[in-house]
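To keep things clear, I will list the structure first and then write my remarks on it.
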Amino acid sequence: MRLDVVTIFPEYLEPLNVSLVGKARARGQLDVRIHDLREWAHDKHNTVDDTPYGGGPGMVMKPEPWGEALDEILASGEGEPVIVVPTPSGAPFTQQLAVELSAKPWLVFTPARYEGIDRRVIEEYGDRVDVREVSIGDYVLAGGEAPVLVMVEAVARLLPGVLGNAASHQDDSFAPGAMADLLEGPVYTKPPEWRGRGIPEVLVSGHHGKIARWRRDEAFRRTDLNRPDLIERADPAAFDKHDRAILAALGWSAGEDGRFGRTAGAVEE
Ligand SMILES: C[S@@+](CC[C@H](N)C(=O)[O-])C[C@H]1O[C@@H](n2cnc3c(N)ncnc32)[C@H](O)[C@@H]1O
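Here is the structure:
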């Protein structure tokens, strides 16, 4: 996979040399190219921002440097990339979107600073290629570089051969399939007792079926506790009779449309 990142802070992307992404680069699984936007700003100060039309505080990133940068990058590769524009006003970045992006051969990220990029840049490239405006959460950061680090790591670990154990991301929280609307439950390793705390007996039972059921029950418990909105939106067709039993025990019941909601008057465990 090829990844281009255009930024005014190339040094902010240094962590892409470290750990899983760094190793994937070294192995040639990821071709990461970091570009300094100011190389496409031609005045004496390499200016990339200007005052906003309509007034107000803050500055806006000028369209010309972005246009020249993106034209050059788009012309430098085979086929068309997906352009990912980090912005708090974008669609939420989810595991599902990470999976979708991991199947693309080429992604171009455009992390902004100031109040963002002149709208016409998004429109111009939206007419030419697949442009996604994406938010990593309901908060505002000073720039899009940290969101790029987040998104690249989430996408890269899904690429074949990047994680040591290819199956490990299939059981993750939010993983498409059985975990799509669930959080992963707790995990344990050796020693069997630490500071007087043991581990759930079932995990050393050697009974794979019981372990799988316990893990799924724990996933429901944790989702109930931390993200009940996921259970509310889940497709009930994904729930088997054991899932329904644990949901009932946690105070959930199916409504007329089959979807689960908190049972009225249910007592919290
Ligand atoms: C200060 S923010 C601009 C915020 C913008 N005025 C707004 O309210 O939507 C500057 C840049 O940081 C990045 N950014 C900030 N928060 C983000 C988030 N939650 N998700 C993705 N990118 C974000 C974007 O690239 C954004 O253009």
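With the working numbering as the guide, the letters of the sequence shown map in order to residues 1221 to 1489. Even glycine gets a Cβ: it sits at the ideal position worked out from N, Cα and C.
Nearest-angstrom Cα separation, counted from residue j out to residue i
| i | j | result |
| --- | --- | --- |
| R1339 | V1226 | 17 Å |
| L1317 | R1447 | 19 Å |
| E1335 | R1479 | 40 Å |
| L1403 | Y1273 | 44 Å |
| P1406 | H1389 | 15 Å |
| D1460 | I1466 | 10 Å |
| E1413 | A1246 | 39 Å |
| R1377 | D1350 | 22 Å |
| P1456 | E1373 | 31 Å |
| G1357 | D1449 | 16 Å |
| K1324 | D1256 | 24 Å |
| L1369 | A1484 | 42 Å |
| N1266 | R1333 | 15 Å |
| I1254 | L1236 | 10 Å |
| F1229 | G1384 | 31 Å |
| A1261 | V1268 | 6 Å |
| D1477 | D1347 | 39 Å |
| D1440 | A1468 | The displayed chain sequence assigns Phe, not Asp, to residue 1440. When rounded, the distance between both Cα atoms is 11 Å. |
| A1311 | E1343 | 16 Å |
| G1416 | A1289 | 59 Å |
| A1386 | T1409 | 20 Å |
| D1291 | G1397 | 38 Å |
| V1277 | G1363 | It is Pro, not Val, that sits at residue 1277 in the sequence shown. Their backbone Cα atoms lie some 16 Å apart in a straight line. |
Cβ-based neighbour list, residue i, same chain, cut-off 8 Å, excluding 5 preceding and 5 following
| i | result |
| --- | --- |
| I1337 | V1280, M1281, P1283, W1286, V1305 and T1330 |
| E1452 | R1479, F1480 and G1481 |
| R1464 | A1474 |
| D1392 | Q1315, M1399 and E1404 |
| G1299 | P1325 and W1326 |
DSSP bridge partner residues for residue i (one or two, in chain order)
| i | result |
| --- | --- |
| A1474 | F1480 |
| A1311 | V1354 |
| P1306 | V1354 |
| L1223 | V1252 and L1327 |
| D1463 | D1463 is not bridged to any residue. |
Supposed close pair residue i, residue j - CB separation, criterion 8 Å
| i | j | result |
| --- | --- | --- |
| Y1232 | E1365 | 4 Å |
| V1328 | P1301 | 5 Å |
| V1424 | K1430 | Their Cβ separation, rounded to whole angstroms, is 11 Å, which puts V1424 and K1430 out of contact at 8 Å. |
| M1399 | F1313 | That pair is no contact at about 17 Å. |
| P1308 | V1238 | Actually they are not in contact, since the Cβ atoms of P1308 and V1238 sit about 26 Å apart, beyond 8 Å. |
| I1293 | Y1345 | Incorrect: roughly 11 Å between the Cβ atoms, too far for contact. |
Chain-order list of residues whose beta-carbon lies under 7 Å from that of residue i (same chain, five-residue window excluded)
| i | result |
| --- | --- |
| S1322 | V1375, L1378 and L1379 |
| V1382 | L1240, A1244, Q1249 and A1376 |
| E1438 | G1405 and P1406 |
| D1444 | I1451 and L1470 |
| R1433 | H1462 |
| I1419 | Y1408 and P1412 |
| V1341 | P1283, W1286 and G1287 |
| D1270 | M1279, V1280 and K1282 |
| G1297 | R1222 and W1326 |
Chain-order list of residues whose beta-carbon lies under 6 Å from that of residue i (same chain, five-residue window excluded)
| i | result |
| --- | --- |
| R1222 | D1251 and W1326 |
| D1224 | R1253, I1293 and V1328 |
Continuous alpha helix (DSSP H) assignments of at least 4 residues falling wholly in the region 1338-1392:
1339-1346 and 1365-1376
Entirely enclosed alpha helix (DSSP H) segments - the region 1399-1456, minimum 4 residues
1428-1446 and 1448-1453
Would you mind listing the alpha helix (DSSP H) stretches within the region 1234-1281 that are 4+ residues and don't spill past its ends, in chain order?
Runs found: 1239-1246.
Listed by chain order, which residues have C-beta atoms less than 6 Å from any heavy atom of ligand 2?
Here the bound small molecules are ligand 1; ligand 2 is not part of this structure.
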